[in-house]
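Worksheet for the structure shown next.
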Amino acid sequence: MISDLVVRYPAHHVTPPASPERRIRFEQPRTICCGIFDTLGGQLDDYGAKLLQALVSDDELVLQLMLSPTALTPTTERKQPRDGTKFLGVIIYGPRRRLGDVAEFMAEASCYLDDPVDCDRNVPYMNPQCLFSLHEQPPMTLELSQPQRTHMDDFSRPSLDFLSGFETADDIKLSGNPTALRTELKLSTSGPLWLGGLLADEMGLGKTLSMIALIASDQDRTLRNDLLMSHPVSETSIHSTLIVLPPSCNVFNVWESQLERHLHKGKLKWCRHHGKNKFRLRDRQSQPDVVFTTYPTIEREYRNRAESEDSVFFHHWRRIILDEAHIIRNHNTSTAQAVTALRATSRWAVSGTPIQNSLLDLHSLFKFLHFAPYDDPKAFDDDITHVWRVKSIDQAAEVFKKLLSSVMLRRTKAVLDLPSREDKLIRVPFSREEKEHYRRIEQPVADMLDCIPENGTHTNGTWMSVIQQINKLRLFCNLGLTAPSPSGCTPNPDSIDEKTLTPSADLSPYSIESDSISALPSKISALLSQIRLYPDEKHVVFSCWTSSLDMVEKAFRCDPNRIIQSVRIDGNVPLKNRDYAIQQLHNDPSMRVILVTIACGACGLDLTAASRAHLLEPQWNPSLEDQALARVHRLGQTRPVRTIRYVMDDSFEEYILDVQDRKKLLVTTLLSNESSLENLRKLIHRKKEDQIGS
Numbered sequence: 001m002i003s004d005l006v007v008r009y010p011a012h013h014v015t016p017p018a019s020p021e022r023r024i025r026f027e028q029p030r031t032i033c034c035g036i037f038d039t040l041g042g043q044l045d046d047y048g049a050k051l052l053q054a055l056v057s058d059d060e061l062v063l064q065l066m067l068s069p070t071a072l073t074p075t076t077e078r079k080q081p082r083d084g085t086k087f088l089g090v091i092i093y094g095p096r097r098r099l100g101d102v103a104e105f106m107a108e109a110s111c112y113l114d115d116p117v118d119c120d121r122n123v124p125y126m127n128p129q130c131l132f133s134l135h136e137q138p139p140m141t142l143e144l145s146q147p148q149r150t151h152m153d154d155f156s157r158p159s160l161d162f163l164s165g166f167e168t169a170d171d172i173k174l175s176g177n178p179t180a181l182r183t184e185l186k187l188s189t190s191g192p193l194w195l196g197g198l199l200a201d202e203m204g205l206g207k208t209l210s211m212i213a214l215i216a217s218d219q220d221r222t223l224r225n226d227l228l229m230s231h232p233v234s235e236t237s238i239h240s241t242l243i244v245l246p247p248s249c250n251v252f253n254v255w256e257s258q259l260e261r262h263l264h265k266g267k268l269k270w271c272r273h274h275g276k277n278k279f280r281l282r283d284r285q286s287q288p289d290v291v292f293t294t295y296p297t298i299e300r301e302y303r304n305r306a307e308s309e310d311s312v313f314f315h316h317w318r319r320i321i322l323d324e325a326h327i328i329r330n331h332n333t334s335t336a337q338a339v340t341a342l343r344a345t346s347r348w349a350v351s352g353t354p355i356q357n358s359l360l361d362l363h364s365l366f367k368f369l370h371f372a373p374y375d376d377p378k379a380f381d382d383d384i385t386h387v388w389r390v391k392s393i394d395q396a397a398e399v400f401k402k403l404l405s406s407v408m409l410r411r412t413k414a415v416l417d418l419p420s421r422e423d424k425l426i427r428v429p430f431s432r433e434e435k436e437h438y439r440r441i442e443q444p445v446a447d448m449l450d451c452i453p454e455n456g457t458h459t460n461g462t463w464m465s466v467i468q469q470i471n472k473l474r475l476f477c478n479l480g481l482t483a484p485s486p487s488g489c490t491p492n493p494d495s496i497d498e499k500t501l502t503p504s505a506d507l508s509p510y511s512i513e514s515d516s517i518s519a520l521p522s523k524i525s526a527l528l529s530q531i532r533l534y535p536d537e538k539h540v541v542f543s544c545w546t547s548s549l550d551m552v553e554k555a556f557r558c559d560p561n562r563i564i565q566s567v568r569i570d571g572n573v574p575l576k577n578r579d580y581a582i583q584q585l586h587n588d589p590s591m592r593v594i595l596v597t598i599a600c601g602a603c604g605l606d607l608t609a610a611s612r613a614h615l616l617e618p619q620w621n622p623s624l625e626d627q628a629l630a631r632v633h634r635l636g637q638t639r640p641v642r643t644i645r646y647v648m649d650d651s652f653e654e655y656i657l658d659v660q661d662r663k664k665l666l667v668t669t670l671l672s673n674e675s676s677l678e679n680l681r682k683l684i685h686r687k688k689e690d691q692i693g694s
C-alpha cells in the first residue's frame with residue numbers, strides 16, 4: 001500500500017461525508033474526486049500525480065483508492081498538514097508474476113510500501129519490498145488489521161484476467177542471530193534446514209555476509225545436531241567449511257576482512273590451503289571452521305590424484321562454498337570436474353551472474369550441487385535445452401524458472417535503498433585518419449570470413465587468424481593510430497574460447513611520439529574529457545587491455561599543469577600492493593582515479609570510494625562488466641553512481657553490443673521473478689533471425 005499521497009483542496013471546498021456509497025475516482029492528470037457530486041476535487045502534488053499516472057497506465061494492475069483526513073504516518077514524523085489537505089492511500093492488486101516489476105518501479109520512485117489497511121477483497125498478500133518465505137502460505141488481506149473504513153474505490157479494468165495478491169513477511173518468525181555473528185541480520189527468516197543451493201543475489205547485496213552467517217550458525221549446537229543426525233560422520237568427516245576462491249583477485253584478504261568485521265573476536269578459526277600453506281588436520285579438536293583455497297589448487301590436486309591427508313580430497317567437508325561459481329560454467333573443464341568431485345554434506349554455489357552465455361552454464365552448477373536428475377546431461381538436454389531449441393521458448397522458460405525456484409535464492413537491488421545509478425553510452429567517432437586506417441585493417445577480417453564455407457567448417461588455423469584480426473580491430477578502437485600489431489600473439493588452437501577474445505595483457509609494445517592531447521586516440525580523449533568534467537569525484541577506469549590502461553596513464557600526464565593522480569590494479573600488481581591501492585583511493589583526497597583490468601575488477605574489490613565508473617570497451621561477456629560495475633554500486637556506496645561505456649561509432653564494437661543484448665535478454669527472461677512476455681517475444685524474434693541467417 002502506498003500511503004499518504006498529499007491531496008490539497010481549495011479552502012472553501014467541502015468534502016462529502018464518509019460513506020461506502022461515495023466513490024473516489026482519479027481524473028487525469030492529478031485530480032481526486034470523492035463521489036459523483038464532487039466536480040471540483042482535490043489536486044495531487046507533482047510526485048503523487050506522476051506516481052498514480054504510471055500505475056493507472058498499467059492494464060494488469062488494479063488500484064483501490066482511499067481518502068483520509070489524517071495521515072497513516074504519525075504526525076511526529078512529518079509536518080502538520082495544512083488546512084484543506086487530505087491523504088490518499090493506494091492499494092495495488094495484480095498478478096504475482098508482476099512482483100519484480102512493482103519492486104523495481106517503487107525503488108526508482110523512492111516509494112516504500114506499507115501494509116495495507118481496509119482492503120475490499122480477500123486475496124493473498126505479498127509485499128515485493130519484503131523478504132518472504134516460499135514455504136509458508138501468505139496471509140489473506142482480511143486477516144490484516146482493519147481500522148475504521150475511509151472513502152475508497154477500486155480503479156478496475158475489464159481486461160484483467162485474474163488477480164493475485166502481494167504478501168508480507170510480518171507473520172514469518174524472524175530467526176535469531178547465530179551466537180558467533182556480531183552483525184545483526186535484520187532480514188533473516190527461519191526456514192527449513194538447507195543442504196545447499198545456488199545463491200544468486202545481484203552483485204553488491206552481501207552474498208559474502210550471507211555465507212558467513214551460515215557458517216556461524218554451525219556454532220549453535222541444535223543446528224549442528226540436526227545435521228549430524230541426518231548425515232552420520234565418517235572417519236574423514238570434518239566440520240570445516242571449504243571456501244573455493246578465484247585466483248585472479250585479492251579475495252583471500254577480502255573474505256578474511258569480512259570475517260573479522262562481522263564475527264565476534266575468536267569465535268571462528270580459519271586458515272589457507274594455497275601455495276606453501278597446506279591444511280593438515282592435526283586432531284579433531286583443532287579443526288578450523290573455514291579453510292580457504294583456490295580453483296587452480298583444487299584442479300591441480302585433482303589432476304595429480306592427490307589423496308594424502310594434506311589434500312582437500314582426503315576430507316568429507318561440512319560444507320563447500322564456490323565463490324564466483326560461474327567460473328565452472330563449462331562442465332567439461334578439469335576445474336569443474338575437480339570441484340564436483342569434492343565430498344561434502346552441503347554444497348553452495350555463489351554467483352551474481354550464474355548465466356553468462358547460455359543455459360548450459362547452469363547445468364555445470366547443477367552437477368556441482370548434485371541436483372538430480374538435472375546433474376545428468378541427458379536429463380538436462382531432454383527437459384530443457386531441447387525444448388528451448390526445437391519447441392517453445394516460452395514453455396522452456398517457464399519450466400526452467402520453476403526448476404530454478406527450487407534450488408536458487410536470488411534478491412535484486414530493488415530490496416535495498418542504494419543510491420541511484422545512471423548508465424550512459426558514449427559513441428565516439430573516429431578521426432579521419434583513424435577511420436581510414438580502421439577500414440584498411442577491417443578488410444582482411446571480411447575477406448577471411450568470406451572464405452569460410454557456408455556450412456561453418458574451418459580449420460583451426462583459419463579460426464586463429466580471424467581471432468587475431470578481431471583482436472586487432474578491438475585494440476585499435478582503444479589505441480587508435482598508436483595500436484600495436486597483434487602478430488606474434490598466437491593462441492593455442494585447443495584453447496580458443498571467450499578468454500581468447502578477451503585479452504588482459506599487452507600484445508606487443510607501443511609508443512606515443514608526443515605527449516600532447518591531440519596525439520591521443522579519440523576514445524582516450526573522450527575518457528579524459530569526462531574525468532576532467534568532474535574534478536570533485538573519484539573515478540574507476542576498467543579495461544581488458546593493460547596497454548589501454550598504459551595509454552590512459554599517459555593521458556593523465558600529458559598536461560603537466562593538470563596532472564591527474566591515479567593508482568592501478570592489474571594482474572602484475574602483487575596482492576599487498578592491491579590493498580595499498582584501494583586504501584589510497586579511499587583515504588587520499590588527491591587520488592582521483594584507479595585503473596583496473598576487468599579480470600581483477602570483476603571480483604573481490606571494494607571500489608565504493610568512487611562514484612563514476614568508465615568501461616573503455618564492451619566485453620563479449622556482459623556479466624564481466626556487471627561484476628566490475630558492482631564493485632562501485634553496492635552496499636557501502638553513499639553517493640549516486642554514474643557508469644559510462646565507450647564505443648567507437650561504426651566499428652566492430654557495435655556488433656559486440658548486439659551480442660551483449662542477446663545474452664542479457666536470456667538472463668533477464670530466466671532469472672527475473674516475473675514472467676516477461678515482451679522478453680520472450682524478443683527472444684523468439686532473435687531466434688528466428690538466427691535461423692534465417694544460418
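FYI, the numbering for the sequence shown is 1 to 694, going by UniProt numbering.
Idealized CB from N, CA, C, for every residue including glycine.
All figures in this text were calculated on a predicted structure; none of them were measured in a lab.
Per DSSP, G94 is not a residue of any alpha helix (DSSP H), being assigned neither H nor E. In the structure shown, Q395 falls within a helical segment according to DSSP collapsed to helix, strand and coil.
Short of 8 Å from the beta carbon of R411, and not among the five residues preceding or following it, lie these beta carbons of its own chain, in chain order: L131, D201, E202, L205. A residue is called buried when at least 16 other Cβ atoms come within 10 angstroms of its Cβ; A446 does not meet this threshold and is exposed. Contact between the region 382 to 396 and the region 416 to 436 is absent, with fewer than three C-beta pairs closer than 8 Å. Boundaries around E299 are those of the alpha helix (DSSP H), 295 to 303, since no beta strand (DSSP E) includes it. By the criterion of at least three beta-carbon pairs nearer than 8 Å, the region 290 to 298 is in contact with the region 235 to 244. Contact fails between the region 213 to 220 and the region 367 to 374, because fewer than three Cβ pairs, one in each stretch, are under 8 Å apart. Residue burial annotation: L63 is buried, with at least 16 other C-beta atoms found within 10 angstroms of its C-beta. With the rule of 3 Cβ pairs closer than 8 Å, the region 599 to 614 counts as touching the region 525 to 544. The region 561 to 574 makes no contact with the region 628 to 641; the number of CB pairs closer than 8 Å stays below 3. Counting C-beta pairs with one atom in each stretch, the region 95 to 111 and the region 49 to 62 have three or more that are closer than 8 Å, which means they touch. When the beta-carbon positions are compared, R642 and L605 stay at least 8 Å from each other. D626 counts as buried, since at least 16 other C-beta atoms from the protein chains shown sit within 10 angstroms of its C-beta. With distances taken between CA atoms, Y295 lies nearest to I320 out of H316, H315, Q287, I320.
In the DSSP annotation of this structure, the continuous segment of the beta strand (DSSP E) that includes E27 starts and ends at 24 to 27. Counting C-beta pairs closer than 8 Å gives fewer than three between the region 646 to 665 and the region 565 to 581, which falls short of the contact rule. Following the DSSP letters along the chain, one finds F542 in no alpha helix (DSSP H) but inside the beta strand (DSSP E) bounded by residues 539 to 543.
For K424, the enclosing beta strand (DSSP E) starts and ends at 421 to 428. Within the DSSP bridge table, the entry for N277 names H274 as partners.
One thing to note: I656 has its Cβ no nearer than 8 Å to the Cβ of A628.
Secondary structure at A109: coil, using DSSP grouped into helix, strand and coil. Annotated as proximal: L479 and S547, with beta-carbon spacing under 8 Å. The C-beta of P373 has fewer than 16 other C-beta atoms within 10 Å across all chains shown, which makes the residue exposed. The Cβ neighbour count for S286, taken over all protein chains shown within 10 Å, is under 16; the residue is labelled exposed. Between A107 and D4, the CB-CB gap reaches or exceeds 8 Å.
Residue L473 holds the alpha-carbon nearest to the alpha-carbon of Q443 among D423, L473, D46. Distances from the CA of L425 to each of M1, Y9, P69, I644 were compared; the closest alpha carbon is that of I644.
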